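Down below is the structure, laid out as structure tokens.
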């Protein structure tokens, strides 16, 4: 059993988010976890090994927690509920979410900040770092960063992806961006039309890792913050080998350390100790830099 403090913070745009704070209240450094699709603040097991007397971990619900949810937005003395969950979130809102989390950590007088992201949280973290406030951000750890477009294209059968894109575009043009896609076209989880296009089209701003086509990864290339890339050798959502993905990342960033966890799936199940060791080495390297 790992003790934690329940926290709440407000993003710059007034959205109230909740999370769990593990470790010392006044640490030297803090790691902020950005979870992936349909996950939540409770999807923290793979990073709890980083907690020690100097290091805290903040795991929070970003707007994409769960599948269909709501979050509160503050407007003066009033609040309103807005659609959330992976099914309905707007990808670009990740900048506001992550900035809110980092501001909360900075308010605790922490001066060494790290982002550790899993799955689609990696796209969010890289996009944030290319556009947000990276003050005191010492490093970004990307765990299993897989292109959702490449993954869906690799799993496509009988042209379902093309049919889904066509339907989603019709719904958006008709002013129905938050209409849920039919189950047979939705992909690996239920999502609305605008999110379907965000996840599964190559021109989308969410396609941060375009290794499945020739688009230049401008967001990734713009980052000078040190990056740790950890890939799962047997990632069930990948359309190509971990080695090929590692080579692509190496060609598009200057500050990269790469590790591949052998015999691991997308969630690093039963490989948490190996993952912790890799992340701790990265922390030590960036602290000394």
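Numbering (the numbering used here), first residue to last: 2 to 290.
Every residue, glycine too, gets a C-beta built ideally from N, C-alpha and C.
Remember, predicted model here, so these are calculated numbers, not experimental data.
- For residue 252, the number of other beta carbons within 10 angstroms of its own is below 16, and it is reported as exposed.
- Of the candidates 256, 166 and 244, the residue whose Cα lies closest to the Cα of residue 263 is 244.
- For the pair residue 102 and residue 139, the Cα-to-Cα distance works out to about 15 Å.
- DSSP places residue 241 outside both helix and strand once states are collapsed to three, so it counts as coil.
- Taking the CA atoms as reference points, residue 203 sits about 8 Å from residue 216.
- The beta carbon of residue 68 is closer than 7 Å to those of 39, 86, 87, 88, 190 and 191 in its chain, skipping five residues each way along the sequence.
- Taken in chain order, the unbroken stretches of alpha helix (DSSP H) that lie wholly in the segment 85-128 and span 4 residues or more are 95-108.
- Contact check for residue 142 against residue 17 fails: the beta carbons are separated by 8 Å or more.
- A straight line joining the alpha-carbon of residue 26 with that of residue 57 spans about 8 Å.
- In this structure, residue 154 sits away from residue 98, with a CB-CB distance that is not shorter than 8 Å.
- A Cβ-Cβ contact shorter than 8 Å links residue 111 with residue 31.
- Judged by DSSP in its simplified three-state form, residue 277 adopts helix.
- Contact annotation: the segment 194-209 touches the segment 164-172, with at least three C-beta pairs closer than 8 Å.
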